[in-house]
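Novice: In this note's numbering, each residue carries its 1-based index in the sequence shown increased by 213. Quick reminder that beta carbons are idealized off the backbone N, C-alpha and C, glycines included. I have a structure here, written as structure tokens, and I will follow up with some questions on it.
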Amino acid sequence: MHVSDRGGRIVCWTIAGLALVLSGCQTAPSSMPVAEPAPAASCHWTITPDSVDLADVVNVLENRDFLVRDTDTALGVVSADRSERAVYHNADAMRPHIGGVIVGGSGGYIGVGTGIGIGIGGGGWGTNDDATRIERVSVAVSDTDVRVTRDIRLYDWAGELRESRTASDAHFCQDLRAQLEGRPVSTGGVEVSK
């Protein structure tokens, strides 16, 4: 046996072994991602032709303080969002630090700072818990039905996404439907699903 044959065999067996070991890493998912929780049944309803059009949807969403971002008349879809200031309640979670250096933590940053007095240089009170809540809605209108999807995202003061969830709940969709049909809106509280 020649030395070059031995080296070639080692390389071949090494590559074959690696391929065998790594082949288990490449698998297809057993199921496709699904919105959780699933949209409420009241977020999909049938209509008579021409009873609701995109202009009605735009009007209702704008009256609810949404800003219409996109309208596709060919698909019959209106997408809108609204944002508001909120409080990120996990902002004051303890982060490991050494002196003035913050090490990792839930903020995922490293920083060095010094300061004099209370609340100067250290961020003070109430700055790290500021957040922005963005609510996005898409309404699809066809000749026979209306479908509503809604999600809510919470971004912290640094612009990092902290929460994201579907929010196509019954209360929101029932109120939207009532407004599209010209009926009074329910007076119940806002349903927040988690």
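#1: Taking Arg277 as the reference, give the member of Ser351, Arg295, Val359 with the closest Cα.
#2: Per DSSP, which one or two residues make a beta bridge with Thr167?
#3: With DSSP collapsed to three states, give me the class of Asp187.
#4: Provide the residue(s) that pair with Asp283 in DSSP beta bridges, ordered along the chain.
#5: Given a cut-off of 8 Å, decide if Ala383 and Ile365 are closer than it, judged by their beta-carbon atoms.
#6: When we look at the beta-carbon of Cys225 and count the other beta-carbons within 10 Å, is it buried (16 or more) or exposed?
#7: When the distance is taken between beta carbons, is Asp369 closer than 8 Å to Arg375?
#8: What does DSSP give as the partner residue(s) for Thr345 in the beta ladder?
#9: Going along the chain, which residues of its own chain have a beta-carbon closer than 6 Å to the beta-carbon of His257, five neighbours each way excluded?
#10: Would you report the Cα separation of Val354 and Glu394, rounded to the nearest angstrom?
#11: Bridge partners for Ala253 per DSSP, in chain order?
#12: Name the one or two DSSP bridge partners that Thr379 has.
#13: Could you give the residue range of the alpha helix (DSSP H) that holds Asp269?
#14: Give the single residue among Val350, Pro397, Asp342 whose Cα lies nearest to the Cα of Ala371.
Specialist: If we stick to the structure as given:
#1: Start at 1 with the first residue of the sequence shown, and residue 277 comes out as number 64. Looking at the Cα atoms, Arg295 is the closest of the given residues.
#2: Look at the range of the chain in this structure, 214 to 407, and you will see that residue 167 is not part of it.
#3: Here the chain has residues from 214 to 407 only, and residue 187 is not among them.
#4: Indexing the sequence shown from 1 puts residue 283 at position 70. The partner list for Asp283 (beta bridge, DSSP) reads Ser292.
#5: Start at 1 with the first residue of the sequence shown, and residue 365 comes out as number 152. Start at 1 with the first residue of the sequence shown, and residue 383 comes out as number 170. No.
#6: Sequence index remark: in the sequence shown, residue 225 carries index 12 (1-based). That one is exposed.
#7: Walking along the sequence shown from the start, residue 375 turns up at place 162. Walking along the sequence shown from the start, residue 369 turns up at place 156. Contact flag set, yes.
#8: On the sequence shown, position 132 is the one that residue 345 refers to. Per DSSP, Arg298, Tyr368.
#9: Within the sequence shown, residue 257 is the residue found at index 44, counting from 1. The residues Arg360, in chain order, have a CB closer than 6 Å to that of His257 in the same chain once the five nearest residues on each side in sequence are set aside.
#10: What you label residue 354 is simply residue 141 of the sequence shown in a count that begins at 1. What you label residue 394 is simply residue 181 of the sequence shown in a count that begins at 1. The straight-line gap from Cα to Cα measures roughly 13 Å.
#11: As a first step, residue 253 is located in the sequence shown; it is residue number 40 there, counting from the start. The secondary-structure analysis by DSSP pairs Ala253 with nothing; it has no beta-bridge partner.
#12: Numbered from its first residue, the sequence shown carries residue 379 at position 166. When beta bridges are read from the DSSP output, Thr379 appears opposite Asp364.
#13: Sequence index remark: in the sequence shown, residue 269 carries index 56 (1-based). In the DSSP annotation of this structure, the continuous segment of the alpha helix (DSSP H) that includes Asp269 starts and ends at 267-276.
#14: Along the sequence shown, read from residue 1 onward, the residue named residue 371 stands at position 158. Distances from the alpha-carbon of Ala371 to those of Val350, Pro397, Asp342 put Asp342 closest.
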